[in-house]
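Taking it in order: structure first as structure tokens, then the write-up.
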Amino acid sequence: MNFSSIDAWWWPFLFILIAGWAVTDCWRYLGVVFGGRLGEDSEVLVVVRAVATALVAGVVGNLIFFPTGALATTPVAIRVVAVAAGFAAYLALGRKIIIGIVAAEAVFAILLLATG
Amino acid sequence: MLEQTETISRQGGASWFFRGVLATVSVPLLILVSAFVGFAGLAHEAGLTMAETVYMTGIVWALPAQVVLVGCVLSGSSLAATAFAVGLSSIRLMPMVMALTPELRGRSTRKWTLFLLSHFVAVTSWVLAAERLPDVPRERRAVFYAGMGSTLVLVNMVVVVIVYLAAPHLPSGVSAGLFLLTPIYFITSLWGSARESATHYAMLLGVAFGPIFHVVAPGFDLLGAGFVGGFGGYALYRLFRRKAAA
Chain H
21 MNFSSIDAWW
31 WPFLFILIAG
41 WAVTDCWRYL
51 GVVFGGRLGE
61 DSEVLVVVRA
71 VATALVAGVV
81 GNLIFFPTGA
91 LATTPVAIRV
101 VAVAAGFAAY
111 LALGRKIIIG
121 IVAAEAVFAI
131 LLLATG
Chain P
10 MLEQTETISR
20 QGGASWFFRG
30 VLATVSVPLL
40 ILVSAFVGFA
50 GLAHEAGLTM
60 AETVYMTGIV
70 WALPAQVVLV
80 GCVLSGSSLA
90 ATAFAVGLSS
100 IRLMPMVMAL
110 TPELRGRSTR
120 KWTLFLLSHF
130 VAVTSWVLAA
140 ERLPDVPRER
150 RAVFYAGMGS
160 TLVLVNMVVV
170 VIVYLAAPHL
180 PSGVSAGLFL
190 LTPIYFITSL
200 WGSARESATH
210 YAMLLGVAFG
220 PIFHVVAPGF
230 DLLGAGFVGG
240 FGGYALYRLF
250 RRKAAA
């Protein structure tokens, strides 16, 4: 049973409610319940942060290597170089997210125009 | 007399709510908006309707969770697998709320107020709150954060609407650039918000294993990347820490 298996207007909303809201806000509520009791640097939380980060990074990797739509029509090499350049600029120039975004988009635009 | 005091404190409340609204005007907001522009483009491309995406933004209000959710929709994951993956990506909200709750709580703050406010906790509002709350009197912090959090949510719901209205009219090069926003935003923000090297290793492994699992085990790609990247990153972190100690 997935996002498109029930052909009714309410199904996507119910799907988002269960697989989006419920599983997200329950952690926020637990945070209120346990507020200030568990140390920020406990070893369990290191693992939790690592798994959550890798999960989102997995989406990012798929967006770069297997995108859909307009991005899919661009060469994979240009996407990889643009994101790598943005990340390099971010690391080199004071770790500002905005610098990473501007650099990646600039390199992407230049390469797209240059390759026609 | 008592009535008068109440009126004054209520006025104080409204003014602190408004100060919270104003406090959102910042560079982090600009970055968050550009991330939501990218997300809305992604959701549009994945076939979600405008109503579904606006609704998701309002009730989930965690960009990583939303990106994982749309990623699962794209790969046709089941309801259970999607809930599991999104839930995993949202665990990190718990320690953030745990850290913020003692800051928000005043003597007269009710528990249910804190539950309602916790919905607004996500990376940007958390960073802004950590920066601004110390300057807010303790009894006004809840109302200040209510103004700040609700503004961030509403602004980005409007951003989603604008992107959906504009998307069909954008040249393909521009929309391609729009879709590139999500990867670069997350690569830089995940790197910057990491507290220890385990998260850095996990990010690099996750970016590599997402596409690998996409080929080897489609439908399981995100969970696979999460577990291999997460535990692998943690293992590397332990390994290097022991070496450093030895």
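These protein sequence lines are chains H and P, in that order. The first sequence maps to residues 21 to 136 in this note's numbering. The second sequence maps to residues 10 to 255 in this note's numbering. By construction, the Cβ of each residue, glycine as well, lies at the ideal position given by its N, Cα and C atoms.
{"Asked": "N- and C-terminal bounds of the alpha helix (DSSP H) containing H:Lys116", "Found": "Careful: H:Lys116 lies outside any alpha helix (DSSP H) and carries neither H nor E."}
{"Asked": "Pairwise C-alpha distance: P:Pro220 and P:Phe249", "Found": "26 Å"}
{"Asked": "Per-residue burial, P:Glu140 [other beta carbons within 10 Å of its own, 16 or more giving buried]", "Found": "exposed"}
{"Asked": "Closest by C-alpha distance to P:Ser35, when choosing among P:Ala23, P:Gly238 and P:Thr133", "Found": "P:Thr133"}
{"Asked": "Cβ pair H:Val90, P:Ser184 closer than 8 Å", "Found": "Here residue 90 of chain H is Ala; the residue named in the question, Val, does not match the sequence. Their beta carbons are under 8 Å apart, which means H:Ala90 touches P:Ser184 by this criterion."}
{"Asked": "P:Phe195: contacting residues in chain H (beta-carbon distance under 7 Å)", "Found": "Val76 and Val80"}
{"Asked": "Members of the region 138-167 of chain P that neighbour chain H once the beta carbon cut-off is set at 7 Å", "Found": "none"}
{"Asked": "Cβ contact check for the region 112-119 of chain P and the region 136-150 of chain P: 3 or more pairs under 8 Å", "Found": "yes"}
{"Asked": "DSSP beta-bridge partners of P:Ser87", "Found": "H:Asn22"}
{"Asked": "Those runs of the alpha helix (DSSP H) which lie wholly inside the region 142-212 of chain P and span at least 4 residues", "Found": "150-175 and 181-202"}
{"Asked": "Contact set between the region 173-202 of chain P and chain H, restricted to residues whose Cβ is under 7 Å from the partner", "Found": "Ser181, Gly182, Ser184, Ala185, Gly186, Phe188, Leu189, Leu190, Thr191, Pro192, Ile193, Tyr194, Phe195, Ile196, Thr197, Ser198, Leu199 and Gly201"}
{"Asked": "Closest by C-alpha distance to P:Leu6, when choosing among P:Pro104, P:Ala52, P:Ala92 and P:Thr62", "Found": "Nothing can be reported for residue 6 of chain P, as the shown portion of chain P is limited to 10 through 255."}
{"Asked": "Proximity below 8 Å, CB of P:Gly47 to CB of P:Leu214", "Found": "no"}
{"Asked": "Contacts that P:Val77 makes with chain H (C-beta to C-beta distance below 7 Å)", "Found": "Leu75, Val76 and Val79"}
{"Asked": "Alpha helix (DSSP H) runs contained entirely in the region 83-134 of chain H, provided each spans 4 or more residues", "Found": "96-112"}
{"Asked": "Alpha carbon of P:Phe195 to alpha carbon of P:Ser24, nearest angstrom", "Found": "35 Å"}
{"Asked": "Cα-Cα separation between P:Val42 and P:Asn165, rounded to whole angstroms", "Found": "6 Å"}
{"Asked": "Listed by chain order, chain P residues near H:Thr94 by CB distance under 8 Å", "Found": "Ala185"}
{"Asked": "H:Gly40 - DSSP class collapsed to helix/strand/coil", "Found": "helix"}
{"Asked": "Nearest neighbour of H:Trp29, chosen from P:Phe26, P:Ala44 and P:Thr58 [CA to CA]", "Found": "P:Thr58"}
{"Asked": "Other residues of its chain near P:Phe129: CB distance less than 6 Å, five sequence neighbours each side excluded", "Found": "Gly158"}
{"Asked": "Cβ-heavy atom distance, P:Pro104 to the ligand GTP, below 7 Å", "Found": "With respect to the ligand GTP, the structure offers nothing, as it holds no ligand at all."}
{"Asked": "P:Met10 burial status per 10 Å Cβ neighbour count (16 or more: buried)", "Found": "Bear in mind that a pLDDT of 40 at P:Met10, under 50, signals an unreliable position, so the model cannot answer this."}
{"Asked": "N-terminal and C-terminal residue of the alpha helix (DSSP H) that P:Trp121 is part of", "Found": "Lys120 to Ser127"}
{"Asked": "Contact set between H:Val103 and chain P, taken where Cβ atoms lie within less than 8 Å", "Found": "Leu189, Pro192, Ile193 and Ile196"}
{"Asked": "Extent of the continuous alpha helix (DSSP H) to which P:Thr58 belongs", "Found": "Segment: none, P:Thr58 is in no alpha helix (DSSP H) and carries neither H nor E."}
{"Asked": "Chain-order list of residues whose beta-carbon lies under 8 Å from that of H:Ile117 (same chain, five-residue window excluded)", "Found": "Tyr110"}
{"Asked": "Three-state class that DSSP yields for P:Ser117 in the structure shown", "Found": "coil"}
{"Asked": "Selection from P:Ala234, P:Phe93, P:Tyr173 and P:Val30 that minimises the alpha carbon distance to H:Ala70", "Found": "P:Ala234"}
{"Asked": "Collapsed DSSP secondary structure at H:Trp151 in the structure displayed", "Found": "Look at the range of chain H in this structure, 21 to 136, and you will see that residue 151 of chain H is not part of it."}
{"Asked": "Straight-line gap, P:Met105 to P:Thr160 (C-alpha atoms, nearest Å)", "Found": "19 Å"}
{"Asked": "Which listed residue (P:Val168, P:Trp135 and P:Val216) has its alpha carbon closest to that of P:Ala32", "Found": "P:Trp135"}
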